[in-house]
Amino acid sequence: MNKIACHAAPLLAFATCIAAVPVHAEEADATIIVTAPTATDAAEERAARTAGGTDVISYEDYADKSVVSLRDTLAFSPGVYLQPRYGQEVRISIRGSGLSRGYHMRGLTLLQDGVPINLADDNGDFQELEPIFFDHLEVYRGANALRFGSGTLGGASNGVTPTGHTARGIYLRADVGSFDSYRGLVSAGVADDRVDAWGAISADTSDGDRDHVKRRSFRFNGNVGVRFGDVVTNRLYVSVNSIDQQIPSALTMEQALTTPRLAIPGTIAGDQGRDIDSIRIQNRTRFDWGAVKLDVGAFVNAKSLYHPIFELVDQEGIDRGGYFRLDYAGDLFEATFGGELRVGDTRAKRFVNRNGKRGALRVDADQHARAASLYGEVRIRPLPELTLIAGGIYADGKRRQVMNFNISAPAQNGTVGRAAFNAFSPKAGLLFEPVADVQLYANYSRSVEFPGFIELGQVAAFVPLDAQRAWTAEAGTRGKSGPLNWDLTYYRSTIKGELLQFDIGPAIPASTFNAGRTLHEGVEAALEWQPADWLKLRQVYTYSNFRFRNDAQFGDNRLPVVPKHVYRAELRIGTDALHVAPNLEWVPDGPFADYRNQVSTPGYALVGITGGATVARGVDAFVDVRNITGKKAIGDISAVIDARVNDSAIPAINPAIYYPVERRAVSAGIRARF
1446 MNKIACHAAP LLAFATCIAA VPVHAEEADA TIIVTAPTAT DAAEERAART AGGTDVISYE
1506 DYADKSVVSL RDTLAFSPGV YLQPRYGQEV RISIRGSGLS RGYHMRGLTL LQDGVPINLA
1566 DDNGDFQELE PIFFDHLEVY RGANALRFGS GTLGGASNGV TPTGHTARGI YLRADVGSFD
1626 SYRGLVSAGV ADDRVDAWGA ISADTSDGDR DHVKRRSFRF NGNVGVRFGD VVTNRLYVSV
1686 NSIDQQIPSA LTMEQALTTP RLAIPGTIAG DQGRDIDSIR IQNRTRFDWG AVKLDVGAFV
1746 NAKSLYHPIF ELVDQEGIDR GGYFRLDYAG DLFEATFGGE LRVGDTRAKR FVNRNGKRGA
1806 LRVDADQHAR AASLYGEVRI RPLPELTLIA GGIYADGKRR QVMNFNISAP AQNGTVGRAA
1866 FNAFSPKAGL LFEPVADVQL YANYSRSVEF PGFIELGQVA AFVPLDAQRA WTAEAGTRGK
1926 SGPLNWDLTY YRSTIKGELL QFDIGPAIPA STFNAGRTLH EGVEAALEWQ PADWLKLRQV
1986 YTYSNFRFRN DAQFGDNRLP VVPKHVYRAE LRIGTDALHV APNLEWVPDG PFADYRNQVS
2046 TPGYALVGIT GGATVARGVD AFVDVRNITG KKAIGDISAV IDARVNDSAI PAINPAIYYP
2106 VERRAVSAGI RARF
């Protein structure tokens, strides 16, 4: 897989860039990756027709910032909770999705150009989404993500890359910053009436703000589109990722608040890390008959994971699938109908970790997953101001694991573990526009999440678990009036069988169980005020009330990890020619670290500032300073039952479950378009 990644990316990028050389760039006032707003405008129009929480983030919203991870692009997307763990590793959660998962990702569908990054069992690594490439990102919270075939509690986020039509010419970007951090990007686009092509290469390296957290990455993204007359167009996408990331592990609370740079000796001795190599190929054919549009596509994702932790996880997998989506848009009636099939096979091995190298084989399993869905939505306008919406998604999932070898449980050798799930999740809602540029909405929906192999294949056996089911009520408003833009949503999810995970010891993998009844409710708010072209204030606030409901063990305790209140703000003063933007992240009170609510983390406030200027026609520069005061605080937690003692009941003050916030860092960059 490494050889494929290293050879395929330069060849694909070289071919695309050479094709773009004869093309002259269109004149552009700003040196952002995209020079035409067509795709972003269309995405915003789709979001505005949704009776629930949505958001579209344009590249220009974060172009003058250091872009390390999804946190830097989605920081001002309402309702999205993002906290860095280390390097490009972040916790991402919407409405409490996967909140107990201390690694990887669950409860949220991530897509690139409409194709899921998640594996067929719905687990995934968000590092494969490289936001520096994107034209824009679409965030559809909860059941509002039905158009992506997502039935998860959190919803979906889709990163959309440019095309030769939207990003003609050559675009260059170079960043340098603290901790020996360097990043470069080169992209090129070319287009005529029939054929267009776009491609980009990025490379990233950093020693990180902690010991043993170096990262290296090399990535390529590209696509080629062909128009066959007025009805049919075809687009082929290729993505290549090669990502090497060291892991520093979590710290005790005292260590995180006093010596946040520290890495636990065991992680250094085991050279713990997570290396990902992947290639994704997608083809989409679109038929446009005016009011009726049909997308048909197929994709294949090949992925290699080399992951030394307490053991050495070594996986090779391939996912493939297809999808269709039919849209009809009339004057009084609109409809969407679609389906998706994903099939994945993984050879999952685990070895003794010998200083980051493979030791003796411990586990060898073959894992097969299938995920299929059919979804539909009807939108009727009985009045010009009112849209009534009804829809649903039927999902079917299968998991099969053949245990070829398990040194810890020889009795499991040759056994086959199976799990099958299916569910229908309906949705009903309304969208009301009493006056121009003001919307009120409400919906009621069901979501179902099936457990994946991380949940089912625990320790020595295939563990039977139920699906997580939730009913969510949602109401809100969005719009603009004069200098104000707002987005405000309240939701309440009653959940049965929430998949919760906790550490049971420093040398034992985390365990997952189905909780009884839990409640997730909250407020997702964004307010933008722009009284003049040279002054803009952006604010987002998230309120999260997540708790057990009459649980036999935990009563009505709050669920750990996510704080009740999170507030972010940025004040941009100036224009593209010259501007500064101080920013603030404030968590008044930290969350609980454990299910028994015995220990909570302290709150914090992080202050930063960005600035940018046009230094020549087609050339911009920027600077990004983070955590100016050098605040030491805890950003993320791996939940435990009781944070006062470890889970084997042996007294141990301050278990190592805490990740510090990012240390003070300064970065600068330059962008140029030709």
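Throughout, our numbering is defined as the position within the sequence shown, counted from one, plus 1445.
No residue lacks a Cβ here, since even glycine has one placed at the ideal position from N, Cα and C.
All values reported here derive from a predicted model rather than from experimental measurement.
Same chain, Cβ closer than 8 angstroms to residue i, five either side skipped, listed in chain order
i     : result
I2073 : V2052, G2053, I2054, R2109
G1897 : R1551, L1564, D1566, D1567, N1568, A1814, R1844
A2101 : S1694, A1695, L1696, T1697, Q1700, I1709, P1951
H1549 : N1568, G1569, D1570, I1899
I2018 : W1979, L1980, H2024, V2025, A2026
From the options, residue whose alpha carbon lies closest to that of residue i
i     : options                    : result
W2031 : T1987, F1993, P2005        : T1987
I2115 : D1996, G1837, G2057, I1502 : G2057
W1974 : Q1528, E2015, N1930, K2077 : N1930
A1648 : P1576, R1655, H2024        : P1576
T1485 : A1612, S1545, Q1998        : A1612
E1919 : S1892, Y1526, A1487        : S1892
V2068 : D1509, E1583, T1704, I1754 : D1509
R1445 : P1705, A1743, T1704        : A query on residue 1445 cannot be resolved here, the shown segment of the chain reaching from 1446 to 2119 and no further.
R1398 : R1618, G1762, P1976, S1684 : There is simply no residue 1398 to check, as the chain begins at 1446 and stops at 2119 in what is shown.
T1606 : P2033, Y1616, W1643        : W1643
D1652 : F1850, N2002, T1483, S1623 : S1623
A1887 : D1911, E1490, R1494        : R1494
V2006 : P1829, D2021, D2034, L1519 : D2034
R1731 : Y1936, P1928, D1772, N1666 : D1772
R1962 : S1938, R1994, R1937        : R1994
Close beta carbons around residue i, own chain, < 6 angstroms, minus the five adjacent residues each side
i     : result
L1681 : V1669, N1728
Q1984 : L1972, A2014
V1640 : V1671
A1840 : G1596, S1818, A1868
Y1585 : T1499, G1600, A1601
L2120 : Residue 2120 lies beyond the stretch modelled for the chain, which goes from 1446 to 2119, so this question has no answer here.
K2077 : L1702, P1705
V2064 : A2117
V1847 : D1811, V1861
Beta-carbon spacing of residue i, residue j below 9 angstroms
i     : j     : result
S1662 : S1626 : no
G1498 : N1589 : yes
L1833 : P1827 : yes
K1738 : D1689 : no
L1933 : F1877 : no
P1976 : P2008 : no
L1944 : S1545 : yes
I2082 : Y2049 : no
Q1998 : A2084 : no
D1759 : N1746 : no
L1630 : F2119 : no
N1990 : E1966 : yes
L1598 : G1541 : yes
T2059 : D2021 : yes
K1872 : S1853 : no
DSSP state of residue i mapped onto helix, strand, coil
i     : result
A2084 : coil
N1589 : helix
P2105 : strand
T1712 : helix
A1493 : helix
T1606 : coil
Y1504 : helix
D1517 : helix
F1850 : strand
F1958 : strand
I2115 : strand
I1754 : coil
I1692 : coil
E1573 : helix
L1910 : coil
D1652 : coil
T1553 : The question names Thr, yet the displayed sequence has Leu at residue 1553. Of the three classes helix, strand and coil, the one that applies to L1553 here is coil, per DSSP.
F1895 : coil
7 angstroms CB neighbourhood of residue i in its chain, flanking five on each side removed
i     : result
A1805 : F1796, V1797
D2087 : D2039, R2041, Q2043
R1516 : L1527, P1529, V1535
V1512 : T1518, P1576, I1577
Cβ of residue i within 9 angstroms of any chain C Cβ
i     : result
D1675 : Chain labels in this structure do not include chain C; a single protein chain is all it has.
Quick check on the DSSP output: what are the complete beta strand (DSSP E) runs of length 3 or more inside the stretch 1991–2075, in order along the chain? List check, beta strand (DSSP E) in window: 2010–2020, 2023–2032, 2049–2061, 2064–2071.
Quick one: complete beta strand (DSSP E) runs, 3+ long, within the stretch 1757–1814? Every unbroken stretch of the beta strand (DSSP E) spanning 3 or more residues and falling wholly within the stretch 1757–1814 is given here in chain order: 1757–1774, 1778–1799.
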